[in-house]
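Worksheet: the structure to be examined is printed underneath.
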Amino acid sequence: MKNIKHILLLGLIILPLCIISLKAQTDDFSISGNSRNSIPGGCAFDGTNYLVGITGDAISDSNVTLQFISPTGQLLGSRISVGESGSAPLVAFDGTNYLIIWGDRYVRFLDNGEDAGMTNIYGRFISPSGNFVGDKFTIVNDAYIKGCVSGKVHYNGDHFFFIYREDNTQDDYGPVYGQRISSGAALIGSPIQISDNNAGDIDLAFDGSNYLVIFWTDATDIYGQFVSSTGTLIGSNFVIDNTSNNSDNPISITYGDSTFLVAFHDQAANHSWNLKARFVSTSGNVDAKTITIADSSQGPFLPLLAYDGTNFLVTWIHMDAKQIRGQFYTPSGLPYESEYIIFDSTEGVLPIGGVASFSGNKYLSICTKVAWDSQKATKEDNYGIYGKFVDHSTGLVENVNNQLNTTLFPNPAKDMITVCTDNIDVVLSIYDVNGRLVKTVARTSHEHNISIHDLSNGIYFIKINANSSTHVQKLIIQR
-14 MKNIKHILLL
-4 GLIILPLCII
6 SLKAQTDDFS
16 ISGNSRNSIP
26 GGCAFDGTNY
36 LVGITGDAIS
46 DSNVTLQFIS
56 PTGQLLGSRI
66 SVGESGSAPL
76 VAFDGTNYLI
86 IWGDRYVRFL
96 DNGEDAGMTN
106 IYGRFISPSG
116 NFVGDKFTIV
126 NDAYIKGCVS
136 GKVHYNGDHF
146 FFIYREDNTQ
156 DDYGPVYGQR
166 ISSGAALIGS
176 PIQISDNNAG
186 DIDLAFDGSN
196 YLVIFWTDAT
206 DIYGQFVSST
216 GTLIGSNFVI
226 DNTSNNSDNP
236 ISITYGDSTF
246 LVAFHDQAAN
256 HSWNLKARFV
266 STSGNVDAKT
276 ITIADSSQGP
286 FLPLLAYDGT
296 NFLVTWIHMD
306 AKQIRGQFYT
316 PSGLPYESEY
326 IIFDSTEGVL
336 PIGGVASFSG
346 NKYLSICTKV
356 AWDSQKATKE
366 DNYGIYGKFV
376 DHSTGLVENV
386 NNQLNTTLFP
396 NPAKDMITVC
406 TDNIDVVLSI
416 YDVNGRLVKT
426 VARTSHEHNI
436 SIHDLSNGIY
446 FIKINANSST
456 HVQKLIIQR
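Letter by letter, the sequence shown follows residues -14 to 464 of our numbering.
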């Protein structure tokens, strides 16, 4: 049973944190400015700045607009109007220009299905300087699409791949299709039917060669389908998770460390949700282990995923606490420490969203803040769109290896530390909190003095490798 039928699905950029770096967050910053009832769509990074797709401005709730933001969360220029009315635009970047994609039918943020109808889907290019490149072009004619965004889009280094769903007029699902699009605004070939049967929520990720498109069917089953970069189906639809519990809510996928991570809802006995995840290999093998991201005690909703090159970030809405929370996972599916709050609640206001991308060496999370009552009513009072940056992890977690019998002192330290180990044949490395290697020392004695006068105040990690053993310890430099 789907609790919220048509809700924000951020367009993820398919591109770890120790407990210390979890606190390395910016304050919330406004993306929508003074306008309310705004809906975020996709987000992409051009190597310098971000572009966020938004429907709704001070003039009209249905205006299709765009906003550039800097890596520090500053709004760059005024909101750019596309001159159209419709859904929140998806965004992807091809190295030269952004492609935005939107449907011409406006659907409210928490629509109960009444706003759905026949839709044309369009695309248009815009440069990083904010100038439109060419006119809008048609991608899909006369599709019956529900929801406030129109699908997912990704650039694979050669062309864009856009997936969408054509719903029938009776139910909230339909077949999943894919369409390739060139950087010259031309459709490449005909639409590809990806799902064998009607599907619900959809997402995709790219492994450098092929896409894995995921979707749910029959309210309970999570399926996947591989699609080559040339638009050919690889194999057939396959099951990722098929318990008897309902899973008819948003799903998410990202790729990292030679495997896909798929997150989904699994209805609990109390009719709330558990959020779960499973790994899927590039050959389609589904890991037998199921990861529980958050159980039904939180009333969790809307899992979103990203990967930073070392670890995964999973975010979700804690419906009971009215918060967006995050948790880091290793490529083996192990969590880092405890979950943490990304967007906190204010009285009666619920943040809806989560991680939108990892790019520019940090995570960007985006949410819409919505007035929310205990009945989870579908009529919203929208307080605008907000963003927050979270620094990515070092990939290092304190790991005290007693077998190495290591002692580090003083800690906190000022200009010198002493490291003692039984084994003298070791290599000692010091990393800053962002994972940058700042010093390497080959030890030749059991007790070794190391100068750190050239390192600034802050948190560091000392990593000691001896044969096949590793010891990692946090070091604080404080003067």
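All residues carry an ideal CB built from backbone N, CA and C; glycine is no exception.
Helix, strand or coil at residue i according to DSSP, with G and I counted as helix
i       : result
Ser237  : strand
Gln283  : helix
Leu319  : coil
Thr363  : Annotation note: pLDDT 44 at Thr363 (below 50); position unreliable, coordinate value reported separately. Three-state result, Thr363: coil.
Leu393  : strand
Arg263  : strand
Thr455  : strand
Thr425  : strand
Ile462  : strand
Ala398  : strand
Asn222  : strand
Ile449  : strand
Thr295  : coil
Ala29   : strand
Lys274  : coil
Leu413  : strand
Thr228  : coil
Leu(-6) : Only weak support exists for where Leu(-6) lies, its pLDDT of 43 falling under 50; the value from the coordinates is given anyway. It is coil, neither helix nor strand.
Ile44   : coil
Leu7    : Confidence is the limiting factor: at Leu7 the pLDDT is only 37, short of 50, which leaves the residue's position unreliable and the question unanswerable from this model.
N- and C-terminal bounds of the beta strand (DSSP E) containing residue i
i      : result
Trp201 : 195 to 202
Arg21  : Premise fails: Arg21 is in no beta strand (DSSP E) and is neither H nor E.
Thr215 : That residue, Thr215, is in no beta strand (DSSP E); it is neither H nor E in DSSP.
Val418 : Premise fails: Val418 is in no beta strand (DSSP E) and is neither H nor E.
Tyr314 : 308 to 314
Thr353 : 347 to 356
Tyr107 : 102 to 111
Asn434 : 432 to 436
Asn48  : 48 to 54
Ile402 : 401 to 405
His250 : 244 to 252
His139 : 137 to 140
Val37  : 35 to 40
One or two residues paired with residue i in a DSSP bridge
i      : result
Arg150 : Val161
Met304 : According to DSSP, Met304 bridges with nothing at all.
Gly339 : Ile351
Ser344 : Lys347
Tyr129 : Met103
Gln210 : Val198
Ser15  : Tyr371
Leu475 : With the chain running from -14 to 464 in the structure shown, residue 475 is simply not present.
Ile86  : Leu75, Gly108
Thr331 : Val334
Tyr325 : Gly311
Asp376 : Lys347
Gln443 : The amino acid at residue 443 is misidentified as Gln; the sequence shows Gly. In the DSSP output, where bridge partners are listed per residue, Gly443 has Ile462.
Val118 : Phe110
Thr477 : The structure shown does not extend to residue 477, since the chain is modelled only from -14 through 464, so no value can be given for it.
Inter-residue CB distance, residue i and residue j (contact presumed, cutoff 8 Å)
i      : j      : result
Phe374 : Tyr348 : 7 Å
Ile148 : Ile106 : Contact flag wrong, Cβ pair sits at about 11 Å.
Val198 : Gly209 : 7 Å
Ile351 : Leu287 : Going by Cβ atoms, the distance from Ile351 to Leu287 rounds to 12 Å, so no, they are not a contact pair.
heavy atom of the ligand NAP below 7 Å from residue i C-beta
i     : result
Trp87 : Inclusion of the ligand NAP in the displayed structure is not the case, the ligand content being empty and no account of it being possible.
Below-8 Å beta-carbon distance, residue i vs any chain D residue
i     : result
Thr40 : Looking for chain D here will not work: only one protein chain is present.
For this session: With a floor of 3 residues, list each beta strand (DSSP E) that falls wholly inside the stretch 58 to 82, ordered by position along the chain.
Result: 60 to 70, 75 to 78
Problem set entry | Residue ranges of each beta strand (DSSP E) within the stretch 165 to 194, 3 or longer | Qualifying beta strand (DSSP E) stretches, in chain order: 172 to 178, 187 to 191.
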